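What follows is a single structure, written as structure tokens, with notes after it.
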Amino acid sequence: MLEQNILFKKLDRTLLIAITIIILLGLVIIYSATKPSGLLPVAEALSTGDDPFAYVKKQMFFVLFGIGMMIMMLYIQYEDLLKHVKFLYVLNLIILGAVLIVGDSTLGAQRWIAIGPNQIFRFQPSEFSKLLIIICFAAYLNSRSNMLNRLRDLLPCFVYIGVPALLILMQPDLGTALVFLAIMFGMLFIAGARPWLLSGIIAGGIGTASLWIWAHFWLAANRGFELWIPIKDYQLKRLVIFLDPWQEPFDAGYNVIQSQIAIGQGGFWGRGLFNGSQTYGDFLPFQKNDFIFSVVGEELGFIGAFLLLVLFFVVIYRGILIAINARDRFGSLLATGIVSMLVVHVLINVGMNIGIMPVTGIPLPMFSYGGSSMITNLTALGLLLNINMRRKKILF
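Its first residue numbered 1284, the sequence shown is counted upward by one per residue in our numbering.
Structure, rendered in structure tokens:
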């Protein structure tokens, strides 16, 4: 008990305060984005019973569940995770494979598994998979110290990450697959892989993908046939439409255009909480999850959006400090993976909301509506706090 008390005194209170403010602000914005306006789609209005707090109540349940997971993570010895890595990796593959067989399909993607009476709860395995792969890959890299100097040394790492990433891509969920790559490169950098080698691989990958996509469209326009590409047509459109959304203002470009309009209308101070015309008029697509940052931009303006980003910066900065000060290599790699996950989520979500990144369906951590994302993020942050609490061995 004495040891636990000493450990809990080492909780990063700055990190906890930033997380709390983000979650509370997220609940307010979710209410604004989902309160009945009379313009909601019929199916959505029926599912909520016109209860203005329907989604807020659900999100609060997810938050409480996530807090429970966070507290549970504080009590474990994070080093003990090393004993269960093989099981966790196999479990990861099983749940990702299961969603391809028994998963629910929505909007052309099969990403969810429904459980409970009347399928009351749906969870997204790919969200939980992020934390599982961080734990497993941290253990894998921990065992490969000074073995990441050449390209052939990195190939097993690509396979290790590539197998679950491929299962996610088959759902299809391109956004999460890209998050896996970001996590992998972030952890490889901290693990000791040469920066120039990683930079060359990233540049080569982006260049090859860009050339492949260009050839696909050029051949379709000039030769009458399309070059095969390993993603769905709608995903390909979403990847490139941000470059000129007005090419298809009522189809692929609609989301980006409406998001930009909402943020532009917000100006510096915003139109006022609960007063967003784009939000209240239900013009914004997916405004409670993927495009929730646009609600912030419209109602709270530049100043509100900036303060939200400051809060995320605090979380990420504290995470970096925890990674630097971790007492062992495994803890440092775990913290790096979690921070990498948060960074890429914030960058992609905010980027796609303001029209400078492809639309990939990435939620804003601890802010967007969604149970799987909230629970995964809070569990991961609990592990981050755990690493910080045990950054130095307690001496008696």
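Virtual Cβ for every residue (Gly too), placed ideally from N, Cα, C.
Quantities reported herein were computed from a predicted structural model and do not represent experimental measurements.
On the CB-based measure, 16 or more other CB atoms within 10 Å of its CB, does residue i come out buried or exposed?
{"i": "Gly1386", "result": "buried"}
{"i": "Ala1397", "result": "exposed"}
{"i": "Tyr1563", "result": "buried"}
{"i": "Thr1459", "result": "buried"}
{"i": "Phe1411", "result": "buried"}
{"i": "Pro1528", "result": "buried"}
{"i": "Phe1345", "result": "buried"}
{"i": "Val1373", "result": "exposed"}
{"i": "Val1629", "result": "buried"}
{"i": "Ser1437", "result": "The amino acid occupying residue 1437 in the given sequence is Leu; Ser does not appear at that position. Buried: at least 16 other Cβ atoms inside 10 Å."}
Measuring only the C-alpha atoms, how far is residue i from residue j?
{"i": "Val1368", "j": "Ala1422", "result": "7 Å"}
{"i": "Gly1620", "j": "Trp1479", "result": "20 Å"}
{"i": "Lys1515", "j": "Ser1656", "result": "24 Å"}
{"i": "Asn1608", "j": "Asn1671", "result": "8 Å"}
{"i": "Leu1461", "j": "Ser1409", "result": "12 Å"}
{"i": "Val1642", "j": "Ile1300", "result": "30 Å"}
{"i": "Phe1336", "j": "Tyr1314", "result": "6 Å"}
{"i": "Leu1522", "j": "Ile1302", "result": "31 Å"}
{"i": "Gly1654", "j": "Ile1417", "result": "20 Å"}
{"i": "Phe1576", "j": "Arg1554", "result": "14 Å"}
{"i": "Met1430", "j": "Ala1545", "result": "49 Å"}
{"i": "Tyr1443", "j": "Pro1568", "result": "36 Å"}
{"i": "Gly1507", "j": "Gln1548", "result": "42 Å"}
{"i": "Phe1291", "j": "Leu1661", "result": "17 Å"}
{"i": "Trp1511", "j": "Met1453", "result": "16 Å"}
Within a Cβ cutoff of 7 Å, which residues of the same chain sit near residue i, ignoring the five residues on either side of it in sequence?
{"i": "Thr1297", "result": "Val1597, Arg1601"}
{"i": "Leu1457", "result": "Ile1514, Gln1518, Thr1643"}
Residues in the same chain with beta-carbon distance under 8 Å from residue i, minus the five sequence neighbours each way, listed in chain order, please.
{"i": "Glu1509", "result": "His1499, Leu1502, Ala1503"}
{"i": "Tyr1361", "result": "Phe1613, Gly1614, Leu1617, Leu1666, Asn1669, Ile1670, Arg1673"}
Please classify residue i: does DSSP put it in a helix, a strand, or coil?
{"i": "Ile1418", "result": "helix"}
{"i": "Gln1570", "result": "coil"}
{"i": "Trp1479", "result": "helix"}
{"i": "Trp1511", "result": "coil"}
{"i": "Asp1436", "result": "helix"}
{"i": "Gln1360", "result": "coil"}
{"i": "Asp1387", "result": "strand"}
{"i": "Phe1345", "result": "helix"}
Just checking residue i against the ligand PLP - is the residue's beta carbon closer than 7 Å to any of the ligand's heavy atoms?
{"i": "Gln1548", "result": "As for the ligand PLP, it is missing from this structure, which has no ligand bound."}
In its own chain, which residues sit with a C-beta less than 6 Å from the C-beta of residue i, not counting the 5 before and 5 after it?
{"i": "Gly1638", "result": "Phe1525, Val1539, Gln1543"}
{"i": "Phe1348", "result": "Ile1658"}
{"i": "Gly1550", "result": "Gly1584"}
Any chance you could list the alpha helix (DSSP H) runs of at least 4 consecutive residues sitting entirely within the stretch 1617-1675, in chain order? Counting whole runs of 4 or more residues, the stretch 1617-1675 contains the alpha helix (DSSP H) stretches 1654-1672.
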